[in-house]
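Numbering (this note's numbering), first residue to last: 5 to 470.
Backbone N, C-alpha and C define an ideal beta-carbon position, used for all residues, glycine too.
Source: prediction; values computed, not measured.
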Amino acid sequence: MSQPSQQSPSPPVLTDLASLITHHTSIITNFLTNRNLPHPQFSTSIPSFPPPDCPPKIHMSRMSIAQLCRDLAELVLGPIDALIHPLVSMKVDIGVLRTINYYNIPEAVPINGCIGYEELSKRTGLNADILKRIIRYASTTGIFTEVQYNPTSNSHTRNKDSVQSIKEGVGVAHTPTSLALLTSPRLRGVLRHNLDDIFPAFLSLPESLQQNQNSQEPNESPFNFAYKTEQTWFDWMSKPGRETSLQSYHQTLGFLSEGAFNAGLAASAPVFKRLGPGSTIVDIGGSTGHVSIALAQQLPHPNFIVQDLPSTIESVKSEEIPQEVRDRIQFQPHNFFTPQTEAADVFLLRFVLHDWSDKYCVKILSSLLPQLKANPAARIALLEVVLPEPGTVPTFVERGARSADIQMLGYANARERDRGHWDRLVKETDEGLVVWDVYEPVGCAFGVVEVGLRGGRTGIEQGSLE
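Okay, structure coming up:
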């Protein structure tokens, strides 16, 4: 009778993950201590983390901790609970966030101190019982907290996880997350844009794909299926009566100029560092100029021409452009599907091509060819997500990039692209175009894809970077 084979004990994955979390936590803690910076806390009195000048090493430790914690939770929950728990709460998260935003609850809670449910009910128009249920769920996600307080003096103490929270004299106070919703109009716009306007498209994703999975048309997307409209997303939100949707979209674009999306991070790319006095950057599809402003604050030499549709250009308020760069930025109406009329050293498109399928990206890039051929040293700089190869970056980072890819599918049958796809797209536009460089700043959520004519770069052998 054969003996059962003995399996070697499984490696201690849990302790390994915990050790790695400790390792990366030490890196961040030492960084903060050495710079005499405050450490992250669940307190509204402490500046938010990370600091604005967070170096790449700290950013990578942040992303590693986030992914390691997810991995650890998945292991200890097991595959079924790890799937079911977020699935069950996901729809509630969305409904509660929409309610918080819709009823302006962050604005009704004082920045300092707290407020009772009855008074909060008067300020928001929601009855006190519903409010209490909404707030108590939100507090489990870090949005708002319940506190014990004296209604007459408004003094309070935090009472998290205490059975005393069911007694009278319970109030609501801000957490760092809810305070961010109060102090950042752009963040509130991001919530409205994603939860109110775009989310229905993703509920319709499978049915839309059954009908239009091979389409490259922007008006045959999951968004169109959900809203039963033949208008593109951009046309739909621009119609009278949808001013809130348009405002939320522009607030989202503004939000995507902050943090890891800050366009100023691209200033270190070679395509921009080479620019000297008298140079020009044409910012195509540049909205109200937030990208050009961020780059102008980092690059002392180039002048900027921001191009967008007339309705967008007319909404620009010159007083909102920082004084120190105002004289280097001008605005011009232009449709990027029509031939480019301005000469420039760099034609900049930030988060433009990800709004379009390949068919339309070729048209946009083709509109620039006459200017490139007139000045072979000119460049196209595409500030876009460059999808990583699977497993080459922390999963937390990869998931964000692939989430953006599916989001663009939902909007307009558009997409994010990896390096190989950028090469193919450029070649499809014109055999004479080549991707010269893909620069990806550490800690940045996008890359800089430098495109130019083959042989048009001094000192580089023709086609050597293909």
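- Could you give the DSSP three-state label for alanine 347: helix, strand or coil? In the sequence shown, residue 347 corresponds to position 343, counting from 1. Alanine 347 falls in the coil class under three-state DSSP.
- Message: Checking 8 angstroms against the spacing of the C-beta atoms, do leucine 72 and leucine 36 come in under that value?
- Response: Counted from its first residue, the sequence shown places residue 72 at position 68. Counted from its first residue, the sequence shown places residue 36 at position 32. In this structure, leucine 72 lies away from leucine 36, with their beta-carbon atoms at least 8 angstroms apart.
- Given that a residue counts as buried once 16 or more other Cβ atoms are within 10 Å of its Cβ, and exposed if not, what is asparagine 163? As a working note, residue 163 is residue 159 in the sequence shown. Confidence at asparagine 163 is low in this model, with a pLDDT of 48, below 50, so its placement is unreliable and the value that follows should be read with caution. So asparagine 163 ends up on the buried side.
- Rounded to a whole number of angstroms, what is the C-alpha to C-alpha distance between valine 17 and arginine 458? Here the question's residue 17 lines up with position 13 in the sequence shown. Here the question's residue 458 lines up with position 454 in the sequence shown. Approximately 50 angstroms, taken between the alpha carbons.
- Name the two residues that bound the continuous alpha helix (DSSP H) containing valine 100. As a position in the sequence shown, residue 100 is number 96, starting the count at 1. According to the DSSP assignment, valine 100 belongs to the alpha helix (DSSP H) that extends over 83–106.
- Please work out which residues of its chain come closer than 7 angstroms, Cβ to Cβ, to arginine 192, disregarding the five sequence neighbours upstream and downstream, and give them in chain order. Residue mapping note: residue 192 aligns to position 188 of the sequence shown, counting from 1. Only Asn105 and Leu185 meet the Cβ criterion.
- So is methionine 94 buried or exposed if we call it buried at 16+ other beta carbons inside 10 Å? Position 90 of the sequence shown holds residue 94. Per the 10 Å Cβ criterion, exposed.
- Task: Measure the beta-carbon distance from alanine 416 to serine 225 and round it to whole angstroms, keeping in mind my assumption that it falls under 8 angstroms.
- Result: Within the sequence shown, residue 416 is the residue found at index 412, counting from 1. Within the sequence shown, residue 225 is the residue found at index 221, counting from 1. Contact holds; Cβ gap of about 5 angstroms.
- Message: So, for tryptophan 360: in the same chain, excluding its five sequence neighbours on each side, which residues have a beta-carbon less than 6 angstroms away from its beta-carbon?
- Response: Walking along the sequence shown from the start, residue 360 turns up at place 356. If we look at tryptophan 360 and ignore the five residues flanking it on each side, its Cβ neighbours are Ala418.
- Query: What are the complete beta strand (DSSP E) segments, minimum 3 residues, inside the region 363–407?
  - Reply: 383–388
- Using the rule of at least 16 other Cβ atoms within 10 Å of the residue's Cβ for burial, across every protein chain shown, is arginine 196 buried or exposed? Your numbering for residue 196 matches position 192 in the sequence shown. Classification for arginine 196: buried.
- Query: Alpha carbon to alpha carbon, how far is isoleucine 32 from arginine 66?
  - Reply: Position 28 of the sequence shown, counted from the first residue, corresponds to residue 32. Position 62 of the sequence shown, counted from the first residue, corresponds to residue 66. The alpha-carbon atoms of isoleucine 32 and arginine 66 are separated by roughly 8 angstroms.
- Item | Neighbourhood of glutamate 234 by C-beta distance below 8 angstroms, restricted to the same chain and skipping five residues each side | Translated into the one-based positions of the sequence shown, residue 234 becomes position 230. Within the same chain, glutamate 234 has close Cβ partners Asn223 and Asn228.
- So is leucine 391 buried or exposed if we call it buried at 16+ other beta carbons inside 10 Å? Residue 391 sits at position 387 when you count from the first residue of the sequence shown. The residue in question, leucine 391, is buried, as its Cβ has 16 or more Cβ neighbours within 10 Å.
- Query: Can the beta-carbon of glutamine 334 be found closer than 8 angstroms to that of glutamine 375?
  - Reply: The count along the sequence shown starts at 1 and reaches residue 334 at position 330. The count along the sequence shown starts at 1 and reaches residue 375 at position 371. For glutamine 334 and glutamine 375, no; Cβs fall outside 8 angstroms.
- Item | Cβ-based neighbour list, leucine 101, same chain, cut-off 7 angstroms, excluding 5 preceding and 5 following | Within the sequence shown, numbered from 1, the residue matching residue 101 stands at position 97. The answer, listed in chain order, is Leu195 and Leu199.
- Distance, Cα to Cα, aspartate 427 vs serine 182? Position 423 of the sequence shown, counted from the start, is the residue given in the question as residue 427. Position 178 of the sequence shown, counted from the start, is the residue given in the question as residue 182. Cα to Cα, the separation comes out at about 43 angstroms.
- Task: Quick one: residues in its chain with C-beta nearer than 8 angstroms to the C-beta of arginine 383, no 5 flanking neighbours on either side, listed in chain order?
- Result: In the sequence shown, counting from the first residue as 1, residue 383 sits at position 379. So the list reads Val275, Asp349, Val350, Phe351, Trp440, Glu454, Val455 and Gly456, once near-sequence residues are dropped.
- When the Cα of glutamine 255 is compared with those of Arg246, Pro189 and Glu111, which residue comes out closest? In the sequence shown, counting from the first residue as 1, residue 255 sits at position 251. For glutamine 255, the nearest C-alpha among the options comes from Pro189.
- Straight-line CA distance for phenylalanine 308 to lysine 136? Within the sequence shown, the letter at position 304 stands for residue 308. Within the sequence shown, the letter at position 132 stands for residue 136. Spanning the two alpha carbons is a distance of roughly 51 angstroms.
- Return the first residue and the last residue of the beta strand (DSSP E) that isoleucine 285 is part of. Reading the sequence shown from its first residue, position 281 is the one you call residue 285. 284–288 is the extent of the beta strand (DSSP E) around isoleucine 285.
- Tell me whether glutamine 168 is buried or exposed, calling it buried when 16 or more other Cβ atoms sit within 10 Å of its Cβ. Working through the sequence shown from its first residue, we reach residue 168 at position 164. Because the pLDDT at glutamine 168 is just 37, under 50, the model does not fix this residue reliably, and the value given afterwards should be weighed accordingly. By the 10 Å Cβ count, glutamine 168 comes out exposed.
- Message: Quick check on the burial criterion: 16 or more other C-beta atoms within 10 angstroms. Buried or exposed for serine 30?
- Response: Residue 30 sits at position 26 when you count from the first residue of the sequence shown. Serine 30 comes out exposed.
- Going by DSSP, what residues sit across from glutamine 71 in a beta bridge? Position 67 of the sequence shown, counting from 1, holds the residue named residue 71. Glutamine 71 pairs with nothing; no bridge assigned.
- For phenylalanine 46, three-class secondary structure by DSSP: Translated into the one-based positions of the sequence shown, residue 46 becomes position 42. DSSP places phenylalanine 46 in coil when its eight states are reduced to three.
- Query: Alpha carbon to alpha carbon, what distance is there between leucine 207 and threonine 316?
  - Reply: Within the sequence shown, numbered from 1, the residue matching residue 316 stands at position 312. Within the sequence shown, numbered from 1, the residue matching residue 207 stands at position 203. The C-alpha of leucine 207 is placed about 30 angstroms away from the C-alpha of threonine 316.
- Where does phenylalanine 450 sit, in a helix, a strand or coil, going by DSSP? As a working mapping, residue 450 is identified with position 446 in the sequence shown. Looking at phenylalanine 450 - three-state DSSP - the assignment turns out to be coil, as it is neither helix nor strand.
- Query: What are the boundary residues of the alpha helix (DSSP H) that includes valine 275?
  - Reply: Numbered from its first residue, the sequence shown carries residue 275 at position 271. Residues 274–277.
- Item | Assigned secondary structure, tryptophan 240 (DSSP; H/G/I helix, E/B strand, else coil) | Taking the first residue of the sequence shown as 1, we reach residue 240 at position 236. Helix at tryptophan 240.
- Query: What do you reckon, are the CB atoms on proline 60 and glycine 447 nearer than 8 angstroms?
  - Reply: Walking along the sequence shown from the start, residue 60 turns up at place 56. Walking along the sequence shown from the start, residue 447 turns up at place 443. Yes, the pair counts as a contact, with Cβ atoms nearer than the cut-off.
- Item | Selected residue, minimal CA-CA separation from proline 110, among Thr179, Phe46 and Ser49 | Numbered from its first residue, the sequence shown carries residue 110 at position 106. When the alpha-carbon of proline 110 is set against those of Thr179, Phe46 and Ser49, the nearest one is in Thr179.
- My guess is that phenylalanine 450 and leucine 387 are in contact by the Cβ rule of under 8 angstroms, so how many angstroms apart are they, rounded? Start at 1 with the first residue of the sequence shown, and residue 450 comes out as number 446. Start at 1 with the first residue of the sequence shown, and residue 387 comes out as number 383. Right, the Cβ-Cβ distance comes to about 6 angstroms (below 8 angstroms), so this counts as a contact.
- Query: Once you ignore the five residues that flank glutamate 78 on each side, which residues in its own chain have a CB closer than 6 angstroms to its CB?
  - Reply: Within the sequence shown, numbered from 1, the residue matching residue 78 stands at position 74. A distance below 6 angstroms between beta-carbons, with the five flanking residues on each side excluded, links glutamate 78 to the following residues of its chain, in chain order: Ala86.
- Please classify leucine 41: does DSSP put it in a helix, a strand, or coil? Here the question's residue 41 lines up with position 37 in the sequence shown. Looking at leucine 41 - three-state DSSP - the assignment turns out to be coil, as it is neither helix nor strand.
- Message: Closest to leucine 353 by C-alpha separation, out of Ala230, Gly290, His425 and Phe238, would be which residue?
- Response: Taking the first residue of the sequence shown as position 1, residue 353 is located at position 349. The residue with the shortest Cα to Cα distance from leucine 353 is Gly290.
- Query: What do you get for leucine 250, buried or exposed, if any count of 16 or more other CB atoms within 10 angstroms of its CB means buried?
  - Reply: Reading the sequence shown from its first residue, position 246 is the one you call residue 250. Buried is the call here.
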